[in-house]
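2 protein chains.
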Amino acid sequence: MKKKSSAKKTKKVPVILITNDDSLTAPGIRHLIEAVKDLGRVVVVAPDKPQSGMGHAITIGFPLRLHKVHLMDGVESWSCSGTPVDCVKLAVDKILHQKPDICLSGINHGANHSINVIYSGTMSAAIEASIENIPSIGFSLMDYSLEADFTAAKKYARLIVEQVLSKKADKHLCLNVNIPKGDVELIKGVKVSRQAYAKYEEDFEERKDPSGKKYYWLTGIFQNLEKSKDTDVWALENNFVSVVPVQYDLTNHLLKTKLEKDYTWKS
Amino acid sequence: MKKKSSAKKTKKVPVILITNDDSLTAPGIRHLIEAVKDLGRVVVVAPDKPQSGMGHAITIGFPLRLHKVHLMDGVESWSCSGTPVDCVKLAVDKILHQKPDICLSGINHGANHSINVIYSGTMSAAIEASIENIPSIGFSLMDYSLEADFTAAKKYARLIVEQVLSKKADKHLCLNVNIPKGDVELIKGVKVSRQAYAKYEEDFEERKDPSGKKYYWLTGIFQNLEKSKDTDVWALENNFVSVVPVQYDLTNHLLKTKLEKDYTWKS
Numbered sequence: 001m002k003k004k005s006s007a008k009k010t011k012k013v014p015v016i017l018i019t020n021d022d023s024l025t026a027p028g029i030r031h032l033i034e035a036v037k038d039l040g041r042v043v044v045v046a047p048d049k050p051q052s053g054m055g056h057a058i059t060i061g062f063p064l065r066l067h068k069v070h071l072m073d074g075v076e077s078w079s080c081s082g083t084p085v086d087c088v089k090l091a092v093d094k095i096l097h098q099k100p101d102i103c104l105s106g107i108n109h110g111a112n113h114s115i116n117v118i119y120s121g122t123m124s125a126a127i128e129a130s131i132e133n134i135p136s137i138g139f140s141l142m143d144y145s146l147e148a149d150f151t152a153a154k155k156y157a158r159l160i161v162e163q164v165l166s167k168k169a170d171k172h173l174c175l176n177v178n179i180p181k182g183d184v185e186l187i188k189g190v191k192v193s194r195q196a197y198a199k200y201e202e203d204f205e206e207r208k209d210p211s212g213k214k215y216y217w218l219t220g221i222f223q224n225l226e227k228s229k230d231t232d233v234w235a236l237e238n239n240f241v242s243v244v245p246v247q248y249d250l251t252n253h254l255l256k257t258k259l260e261k262d263y264t265w266k267s
Numbered sequence: 001m002k003k004k005s006s007a008k009k010t011k012k013v014p015v016i017l018i019t020n021d022d023s024l025t026a027p028g029i030r031h032l033i034e035a036v037k038d039l040g041r042v043v044v045v046a047p048d049k050p051q052s053g054m055g056h057a058i059t060i061g062f063p064l065r066l067h068k069v070h071l072m073d074g075v076e077s078w079s080c081s082g083t084p085v086d087c088v089k090l091a092v093d094k095i096l097h098q099k100p101d102i103c104l105s106g107i108n109h110g111a112n113h114s115i116n117v118i119y120s121g122t123m124s125a126a127i128e129a130s131i132e133n134i135p136s137i138g139f140s141l142m143d144y145s146l147e148a149d150f151t152a153a154k155k156y157a158r159l160i161v162e163q164v165l166s167k168k169a170d171k172h173l174c175l176n177v178n179i180p181k182g183d184v185e186l187i188k189g190v191k192v193s194r195q196a197y198a199k200y201e202e203d204f205e206e207r208k209d210p211s212g213k214k215y216y217w218l219t220g221i222f223q224n225l226e227k228s229k230d231t232d233v234w235a236l237e238n239n240f241v242s243v244v245p246v247q248y249d250l251t252n253h254l255l256k257t258k259l260e261k262d263y264t265w266k267s
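Residue numbers (this note's numbering), protein chains in the order written: chain A, 1 to 267; chain B, 1 to 267.
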């Protein structure tokens, strides 16, 4: 009888999978672990080298490695030789042997608002989890510096994770959270937003190697192409934390209707 | 006077940028060039090595190289050391010095229907072009073999490119076209579809290297999780060419409304 009652009282501890794209050695992932580690059983599986800009890449042509590492006392941590998406797949299949209750990615050093979501390794890990019915959140701080102040990022990461864990989350929930740079006191709150149409005006820098052959570095100037107040770029420019719910269904339904009506698909 | 009238008669020749993710040496890209080369001025910029599964990856940590190569008589061709997305960016900025009228990617050796669109290097090149206001089409043949029969793929690629070039295309038009394997005569036509919710049940194969250390190969079993007749998977299973219009706005608008209503974002 006693045993039964004690079992009843035991609250299920959520399993929290944490990954990122800046690798295990980036300060951002430590800050994320610290922000949430008392909310459940945290397991870390993150890339062994920086994977920024990897989009939704998976490793097909090479085998993958996993190594157990010590990152922080009391937190099971693994280093993975693959991409952020590989980390999520391997964590579920070979480390957890189950789906975690939530998957968190980040905290990224640098913004992932607007079109950045599509190039982002941080967000690709979160999107991969959501495809697998694991609610997920990617966090990015708008500060590239290794010495960035993560106070605000940690505060809002915890707040948002608590909210999602406290509800029966949508099974494909995936949030793209960006936190403005600067003093936590200056942040006005959280704003649920949509992805702005903003992009980079590319400009490859051309150089010559010691033997005179050309090579190119990708550079670009960020351009925000809309001023609407419901976008993530607006929220961040106005010192809100932006939360954009993200989906993996890429179908353009409006264009689908138009194609069915206006195009002739016969030879 | 004569000069003016001759200028009037000159029809603008469309610039057609062609890329892929299987690299310049794959038969698929040659078939695509052959299918459309008399429809405009074709310029090829494709990866120098296979880039399957690269998702929307871009190269940040390394510089990129471009080399002029001979692929086919009368077709300007370049080999690029980067990802399919890098190829599109470099082609516009450093080779064409203008936006092409259309960007074609493929013909991929293997399917890119349903969730594959998100991992696909072929489709990432097409999506990148559409972000840059360049109408684009990715083509994939459901046959991995190097000796695959591209007759049907070539026929429908040409038909679809002609259709898109003949209209004032939507500025962000991006089509994900998949062609069933098999005899061209058996194909029933083109079906505009939506992305099916289908995914892979992952199963990493565990092996040991000669020194006894574990490594993993990504494998997986494809699972179609819906039977609806408006999906790309249904179209292909029923011998239609599937055409899915694709977008790069990942905002989940339904979930956005729910988040605004049901969640409290305050500490």
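Even for Gly, the Cβ is constructed at its ideal location relative to N, Cα and C. None of these values were measured; they are calculated from a predicted model.
Counting the other Cβ atoms within 10 Å of the Cβ of Tyr248/A gives 16 or more, which makes it buried. For Leu64/A, the closest Cβ of chain B is nearer than 7 angstroms.
In this structure, DSSP gives Lys208/A an extended state, which the three-state scheme calls strand. Within a 10 Å sphere around the beta-carbon of Lys227/A sit fewer than 16 other beta-carbons, which makes this residue exposed.
In this chain, Glu76/B is not harboured by any alpha helix (DSSP H); it is covered by the beta strand (DSSP E) spanning 76–80. Phe204/B is a Cβ neighbour of Asp93/A, given a cutoff of 7 angstroms. Our two residues, Val36/B and Pro47/A, have alpha carbons roughly 42 angstroms apart in a direct line.
Secondary structure note for Thr19/B: its beta strand (DSSP E) is the uninterrupted segment 15–19. Of the candidates Val13/B, Gln163/B, Phe62/B, Gln163/B places its Cα closest to the Cα of Val243/B. Here Gly121/B is near Asp21/B, since their CB atoms are less than 7 angstroms apart.
Within the stretch 125–185 of chain A, the runs of beta strand (DSSP E) that reach at least 3 residues and sit entirely inside it are, in chain order, 136–141, 174–179.
Lys89/B and Val42/A have their alpha carbons spaced roughly 39 angstroms apart. Between Ala111/A and Ser140/A, the gap from beta carbon to beta carbon is short of 7 angstroms.
For the stretch 109–120 of chain B, the set of residues with a beta-carbon nearer than 8 angstroms to any beta-carbon of chain A comprises Ile115, Val117, Ile118, Tyr119, in chain order. Spatial neighbours of Val233/A in its own chain (CB-CB distance under 7 angstroms, excluding positions within 5 residues in sequence) are listed in chain order as His113, Ser114, Ala196, Ala198, Asn224. Residues of chain B with a Cβ closer than 7 angstroms to the Cβ of Thr25/A do not exist; the shortest Cβ-Cβ separation is about 15 angstroms. Take Lys154/A, set aside five residues on each side of it, and the residues of its chain with a beta-carbon closer than 6 angstroms to its own are His31, Ala35, in chain order.
The DSSP assignment places 232–237 as complete runs of the alpha helix (DSSP H) inside the stretch 199–253 of chain B, in order along the chain (cut-off: 4 residues).
With a contact defined as Cβ atoms closer than 8 angstroms, Asp101/B and Pro210/B miss out at about 53 angstroms. At the C-beta level, Tyr144/B and His109/B come within 7 angstroms of one another. Among the residues facing chain B, Trp217/A is included, as its CB has a counterpart in that chain under 7 angstroms away. Taking Val117/A as the centre and dropping the five residues before and after it, the same chain places the C-beta of Met123, Asn176, Gln195, Val244, Val246 closer than 8 angstroms to its C-beta, in chain order. Per DSSP, reduced to three states, the secondary structure at Asn112/A is coil, with no helix or strand assignment. The three-state reading of DSSP puts Gly121/B in helix, counting H, G and I together.
Distance from the CA of Thr264/B to the CA of Thr25/A, rounded to the nearest whole angstrom, comes to 33 angstroms.
Here Asn252/A is buried: its Cβ has 16 or more other Cβ atoms, across all protein chains shown, within 10 Å. For Leu259/A, the nearest CB of chain B lies under 7 angstroms from its own CB, placing it at the interface with that chain. Listed along the chain, the chain A residues whose CB falls inside 7 angstroms of the CB of His56/B are Gly55, His56, Ile118, Tyr119. Glu202/A is positioned such that its CB atom lies closer than 7 angstroms to that of Gly220/A.
Listed along the chain, the chain B residues whose CB falls inside 8 angstroms of the CB of Gln195/A are Asp249, Leu250, Thr251.
Contact check for Ser105/B against Ile60/A fails: the beta carbons are separated by 7 angstroms or more. Listed along chain A, the residues sitting closer than 9 angstroms to Glu202/B by beta-carbon distance are Lys89, Leu90, Val92, Asp93, Glu132. Ala125/B is not a Cβ neighbour of Thr257/B, given a cutoff of 7 angstroms. Contact between Ile127/A and His67/A does not hold, since the beta-carbon distance rounds to 25 angstroms and is not under 8 angstroms. Contacts with chain A at 7 angstroms (Cβ-Cβ) include Trp265/B.
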